[in-house]
Amino acid sequence: MIEIRGVTKRFGSFTAVDNLSLSVRAGEFLTLLGPSGCGKTTLLRLLAGFEMPDEGVILLDGQDVSHLPPYRRSVNQVFQSYALFPHLSVRDNVGFGLRMQNVPAPEAAARVAEALEMVSLREQADRLPHQLSGGQRQRVALARAIVCRPKVLLLDEPLSALDAKLRHNMQLELKHLQRRLGLTFVFVTHDQEEALTMSDRIAIIHRGRIEQLGAAGEIYHRPRTPFAADFIGQANLLQVAVVGRNGTTARVRVGGGLELTVASAELPAGARTALVSIRPEKICISKQRLDTENLFEATIEEEIFQGATDQLRLVTTQGTRLHALVANESAMQEAFHEGDRVYCGLHLDDLVIVQAE
Amino acid sequence: MPASLSRPSIPSGLKLLNWFLSGWTALVFIFLYVPILVLVVYSFNSSRLNIVWESFTFDWYARLLNDGPLIRAAKNSLVIATVTTVLSVILGTGGAWLLHRYRYRAARGIQTLVAIPMVMPEILMGISLLILFATAGMNLGFTTVIIGHVTFCFPFVLVAVQARLQGLDPALEEAALDLGATPLQAFWRVIVPCLQPAIVAGALMAFTLSMDELIVTFFTRSAAATTLPIQVYGLARVGLNPMLNALSAIFIVATVAFVLFSDYLQKLGRR
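Protein sequence lines, in the order shown, are assigned to chains Z and H.
Note that our numbering numbers the first sequence so that position 314 is 314, with each residue one more than the last.
Note that our numbering numbers the second sequence so that position 239 is 239, with each residue one more than the last.
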């Protein structure tokens, strides 16, 4: 649907998007995820036509749109501030795009009504934007973009102004809408949880480049760079030395002497050191010995209550610090407290090599 | 209004000060409005003198309406003020938008140059314009008066519109473009309606400034393009006349009506 080929955008001496290539498939929900200033918003603005690339091309449905102005592209955007026209009613806001495209009035009216129905705002059609709640404004912005039947819908952090509960509902609603309409969504956010909840695929953007591109689960479970591991969810990043290989596995040693077994497939031949990422919830904690490749003892240094989960700060007997996440125990299960000595187990696949030299 | 509720009242221990301040306020209003009131009252006085009350009459209003040169001057003033306002709104709004929306190397310089006519002594403006028109070989008349008025009126529109633009979400224009509007359509259908209060305020300012301008007009007019202030000035030099009181009374009523009407329009727009 969209092909981005080697696109670079500079602002003065700052390179916002750096030789970036990406293809967006028809009907998918793709999220551009990254910290502020990483270039994700610039990339979206390049797709919308608010910025023109310095190098590279953008193809929309096979057509080169790199230098077409926004009003000549069949993409529409939902803005972070919603940017509803304050002097127009909800109905006229939604109908604005159709009017600009000279859609005949009866057809336009029908499509506006349909769009308002879809976001359940029929009752509010004659209100002005300032008479609506934040969530309703968000829906108007969505309806206004969707009614134009864009090839791709661009969403620039559209949920960031909503409170947590409403945001969560809107996440699911957006996702369902996208599935129902079969539209292609390109969604920009800095919220990793939002990205994981909604996306078919996630592109992690860092310093104007794609750090990793993949399905939400793949990005979470198999981060390929230290940045990706650290930015999505939480991660224990351990610097290790490779001490031996044995067929499909390899032995690595952490600074203090803790030795772990990893799958050697991910470790390039000849690599001497590596960076290993361990998700805190994948560390299996027990007071009994566990039957697993990686087993070591640790002391619980600190227990932090987080509602549904407990965060545990562990120190292994070799002095390596790790943090782990355990479900907040039911009375039926073992309870862990500060000062407890526990066994920690790790499955081979839960040790992810994110860097090797 | 919640804002007025939160305003502190004067502490009760300061009653004397309170009385003094009330008296002072009353004095200020008397100073401002008693002359106007007297002026209106004496427009109905049958005596020619502005000091003695004789009896009630509409005579001066009737004479006013039959005074050919004065009526002609009033018409001239209305035409000049209207054209000046329209041109000032176009120049001021367009200029403010261009300065706001696009980067110019000399933006700051342009800004200063635009603001200067607002503070420049009118006598200098008048003389320099006269020299300019003479050099350019232009005949003095309506055109030259209007050019003169627009020169110092449009910056007021520009400044008012600029202030409004500062607070405008830049995504509004982008949203319009994104929905298929060309830059011109986006400006006309989205930006202008959002700027409407500022445009109305600027237009009112331009209209009033043009309506009572004397000095610049004096230098740039021809006999045919005599405006009301010039005509009145001429009459007042010969001697005060209750006809001028009547004229002023009409102006005061018109001004108040004008202000109330524009207020009403603004409220309508906000709804």
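For each residue, glycine too, the CB sits at the ideal point set by N, CA and C.
If you're wondering where the values come from, they're calculated on a predicted model, not measured in any experiment.
Assignment of Ala203 (chain Z) by DSSP, reduced to helix, strand and coil, places it in the strand class. Lys282 (chain Z) is positioned such that its CB atom lies no closer than 8 angstroms to that of Leu238 (chain Z).
Contact between the stretch 81 to 94 of chain Z and the stretch 34 to 51 of chain Z is absent: fewer than three C-beta pairs spanning the two stretches fall below 8 angstroms.
Membership of Leu237 (chain Z) in the beta strand (DSSP E) is indicated by the continuous run 236 to 246.
Between Asp18 (chain Z) and Arg207 (chain Z), the CB-CB gap stays under 8 angstroms.
Considering only Z:Ala216, Z:Leu267, Z:Ile300, the residue with the shortest C-alpha distance to Glu338 (chain Z) is Z:Ile300. Under a criterion of Cβ atoms nearer than 9 angstroms, the residues of chain H adjacent to Phe85 (chain Z) are, in order, Leu172, Ala175, Ala176, Arg189, Val190, Pro193, Cys194. Excluding five sequence positions before and after Thr15 (chain Z), the CB atoms of its chain that fall closer than 6 angstroms to its own CB belong to Gly208, given in chain order. Looking only at H:Ala201, H:Tyr33, H:Arg189, H:Ser222, the smallest Cα-Cα distance to Thr143 (chain H) is reached by H:Ser222. The beta-carbon distance between Phe79 (chain Z) and Ala171 (chain H), rounded to whole angstroms, is 5 angstroms. This is short enough to meet the 8 angstroms contact definition. At a cut-off of 8 angstroms between beta-carbon atoms, Leu179 (chain H) makes contact with chain Z. For His149 (chain H), the uninterrupted alpha helix (DSSP H) run begins and ends at 142 to 166, by DSSP. DSSP places Glu334 (chain Z) in the coil class of the three-state scheme, outside both helix and strand. Shown here, Thr8 (chain Z) sits in a strand according to DSSP, grouped into three states.
Note that the C-beta distance between Pro150 (chain Z) and Asn102 (chain Z) is not below 8 angstroms.
Rounded to the nearest angstrom, the gap between the Cα atoms of Asn328 (chain Z) and Asp310 (chain Z) is 6 angstroms. If you ignore the 5 residues before and after Arg72 (chain H), its C-beta comes within less than 7 angstroms of no other C-beta in its own chain. Residue-level contact by beta carbon holds for Ala48 (chain Z) and chain H, with a gap shorter than 8 angstroms. Separation of the CB atoms of Thr220 (chain H) and Phe154 (chain H) is rounded to 16 angstroms, and the pair is thereby denied contact status at 8 angstroms. Not one beta carbon of chain Z lies nearer than 8 angstroms to the beta carbon of Asp67 (chain H).
Look at Gln162 (chain H): its C-beta is not under 8 angstroms from any C-beta on chain Z. Collapsing the DSSP output to three states places Arg127 (chain Z) in coil.
Counted as a single uninterrupted DSSP element, the beta strand (DSSP E) harbouring Tyr343 (chain Z) occupies residues 341 to 346. For His168 (chain Z), the enclosing alpha helix (DSSP H) begins and ends at 164 to 181. Put simply, of Z:Leu322, Z:Leu30, Z:Arg139 the residue whose alpha carbon is nearest the alpha carbon of Arg122 (chain Z) is Z:Arg139. In this structure, the CA atom of Ile278 (chain Z) is about 7 angstroms from the CA atom of Val352 (chain Z). For Ala107 (chain H) against Leu99 (chain H), the beta-carbon gap comes to about 6 angstroms, under 8 angstroms, which counts as contact. Within the DSSP secondary-structure output, Phe187 (chain Z) pairs in a beta bridge with Z:Thr31, Z:Leu155. Identification of residues in the stretch 95 to 107 of chain Z having a C-beta nearer than 8 angstroms to some C-beta of chain H yields Phe96, Gly97, Met100, Gln101, given in sequence order. Nearest Cα to Leu44 (chain Z) within the set Z:Gly62, Z:Thr8, Z:Gly27, Z:Leu172: Z:Thr8.
The DSSP-derived three-state label of Ala254 (chain H) is helix. The stretch 186 to 204 of chain Z and the stretch 22 to 35 of chain Z touch, with no fewer than 3 CB-CB distances between them shorter than 8 angstroms.
Shown here, Arg321 (chain Z) sits in a strand according to DSSP, grouped into three states. Sequence-distant Cβ neighbours of Gln318 (chain Z) in its own chain, meaning closer than 8 angstroms and more than five residues away, are Val254, Gly256, Gly257, Leu258, Phe296. Here the alpha carbon of Leu116 (chain Z) sits roughly 53 angstroms from the alpha carbon of Ile250 (chain H). For Phe79 (chain Z), the closest Cβ of chain H is nearer than 8 angstroms.
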